[in-house]
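>
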Amino acid sequence: MALRATFESPGRQPVSLAFSEAADGDFAIDSEAGVLGRTRQRLMAGPWTALRQVHGDRVMIVDAPGDHLGAEGDGLVTSVPGVVVAVQSADCVPVLFASVDGAEVVAAAHAGWRGLYEGIIERTVESMRELGAGAIRAWIGPCISAPHYEFSEADLTTMAFRFGPEVIAATVASRPALDVVAAARVALAGVGVDEISDEFAWCTATSTVNGEPQFASHRSRAEARRQAAAIRLGVPEATPAPGDHDTA
Numbered sequence: 016m017a018l019r020a021t022f023e024s025p026g027r028q029p030v031s032l033a034f035s036e037a038a039d040g041d042f043a044i045d046s047e048a049g050v051l052g053r054t055r056q057r058l059m060a061g062p063w064t065a066l067r068q069v070h071g072d073r074v075m076i077v078d079a080p081g082d083h084l085g086a087e088g089d090g091l092v093t094s095v096p097g098v099v100v101a102v103q104s105a106d107c108v109p110v111l112f113a114s115v116d117g118a119e120v121v122a123a124a125h126a127g128w129r130g131l132y133e134g135i136i137e138r139t140v141e142s143m144r145e146l147g148a149g150a151i152r153a154w155i156g157p158c159i160s161a162p163h164y165e166f167s168e169a170d171l172t173t174m175a176f177r178f179g180p181e182v183i184a185a186t187v188a189s190r191p192a193l194d195v196v197a198a199a200r201v202a203l204a205g206v207g208v209d210e211i212s213d214e215f216a217w218c219t220a221t222s223t224v225n226g227e228p229q230f231a232s233h234r235s236r237a238e239a240r241r242q243a244a245a246i247r248l249g250v251p252e253a254t255p256a257p258g259d260h261d262t263a
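Going by the numbering used here, the sequence shown opens with residue 16, and the numbers climb by one from there.
1) Output the residue ranges of the alpha helix (DSSP H) runs that lie fully inside the segment 121–205 and measure 4 residues or longer, sorted by chain position.
2) Does the contact criterion of 3 or more C-beta pairs under 8 Å hold for the segment 40–56 versus the segment 69–76?
3) Quick check on Ser-167: buried or exposed, where buried means 16 or more other Cβ atoms within 10 Å of its Cβ?
4) Does the segment 221–233 come into contact with the segment 201–213, if we say contact requires no fewer than three beta-carbon pairs (one atom in each stretch) closer than 8 Å?
5) So if DSSP puts Ser-114 in a beta bridge, which residue, or which two residues, is it bridged to?
6) For Ser-31, which residues of its own chain have a beta-carbon under 6 Å away from its beta-carbon, when the five flanking residues on both sides are left out?
7) If we count the other Cβ atoms within 10 Å of its Cβ and call it buried at 16 or more, is Glu-23 buried or exposed?
8) Tell me where the alpha helix (DSSP H) around Gln-56 begins and ends.
9) State yes or no: is the C-beta of Asp-89 within less than 8 Å of the C-beta of Ala-65?
10) Provide the residue(s) that pair with Ile-44 in DSSP beta bridges, ordered along the chain.
11) Might you give, ordered along the chain, the residues of its own chain that have their beta carbon closer than 7 Å to the beta carbon of Gly-130, omitting 5 neighbours on each side?
12) I'd like to know whether the C-beta atoms of Pro-251 and Gly-61 end up nearer to each other than 8 Å.
13) Should Leu-91 and Met-75 be called a contact, given that it needs their Cβ atoms to be closer than 8 Å?
14) Contact between the segment 163–180 and the segment 140–148: three or more CB pairs below 8 Å?
15) Name the one or two DSSP bridge partners that Leu-84 has.
16) Which runs of the beta strand (DSSP E), 3 residues or longer, sit entirely within the segment 222–252?
17) If we ignore side chains and look at the alpha-carbon of each, how far apart do Ile-135 and Ala-126 end up?
18) Per DSSP, which residues does Gly-61 bridge with? Please list them.
19) Beta carbon of Arg-190, beta carbon of Glu-165: below 8 Å?
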């Protein structure tokens, strides 16, 4: 089941985070609303905001439960306790964020290679700091690993120019590949995020549980299903009924 963690600092509200697995259900934004609402609440209780992702750099600030639910964008930031902000993925890099000092702020970003290039990670961190966040910790979630992510040489050159040679890799078949985790780490470090955890950056193409795929993967298995990466500051005031705030 889901990969979970709780981040606690003295004098601050706890931060809960979760990266779903295939067994946790389908989090695709166009899933049937009632089913999706129940699936979301099983993963993390509270009013959700999730976006219709477009592989860009648009970040939305959630000021109230359900703000911007279903809007187009790839990053979400909130300082509202009890609110869940989440992104969907099936090979792209999900990144969750929490402030360590300053204002209490959490965030989620969906970083495909285009979003990485456009600066979704940088925009997300900037938005957190606009709300008063000081130092920030980031968690990189399940995504496709370089040995299974063949990439065109032209686009790889572009990404290497943007992020450095550490993003250049090779597949198991010795074809050009992009290391998206390395790109995410470079982007995070570039905006002063020093605490970066990749303990949850398991490969969506190859990870298994009891011989079955652990995660959805669009690139390796052409799956339409999506997993979710969700984060919440504090605890919800009341657990919503399944489907509440989840109509997108």
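Note that CB positions come from ideal geometry on N, CA and C, so glycine has one too.
On the basis of the supplied data:
1) Fully enclosed alpha helix (DSSP H) runs of 4 or longer: 128–133, 135–145, 168–178 and 195–205.
2) No contact exists between the segment 40–56 and the segment 69–76.
3) With fewer than 16 neighbouring CB atoms inside 10 Å of its own CB, Ser-167 falls in the exposed class.
4) In short, these stretches do not touch, since the Cβ pair count stays below three.
5) Ile-151, per the DSSP bridge assignment.
6) Cβ within range, chain order: Thr-21 and Arg-247.
7) An exposed status is given to Glu-23, since fewer than 16 other beta-carbon atoms sit within 10 Å of its beta-carbon.
8) Note, Gln-56: alpha helix (DSSP H), 48–58.
9) Against a cut-off of 8 Å, the Cβ pair of Ala-65 and Asp-89 comes out as no contact.
10) In the DSSP output, where bridge partners are listed per residue, Ile-44 has none listed.
11) His-70, Gly-71, Asp-72 and Asp-89, listed in sequence order.
12) With respect to Gly-61, Pro-251 sits close: the two C-beta atoms are nearer than 8 Å.
13) Contact flag set, yes.
14) Here the segment 163–180 does not lie against the segment 140–148, with fewer than 3 beta-carbon pairs under 8 Å apart.
15) Bridge pairing for Leu-84: absent [DSSP].
16) The segment 222–252 contains these whole beta strand (DSSP E) runs: 242–248.
17) Inter-residue distance for Ile-135 and Ala-126 is about 7 Å (C-alpha atoms, whole angstroms).
18) DSSP output for Gly-61 lists no bridge partner at all.
19) Taking 8 Å as the Cβ cut-off, Arg-190 and Glu-165 qualify as a contacting pair.
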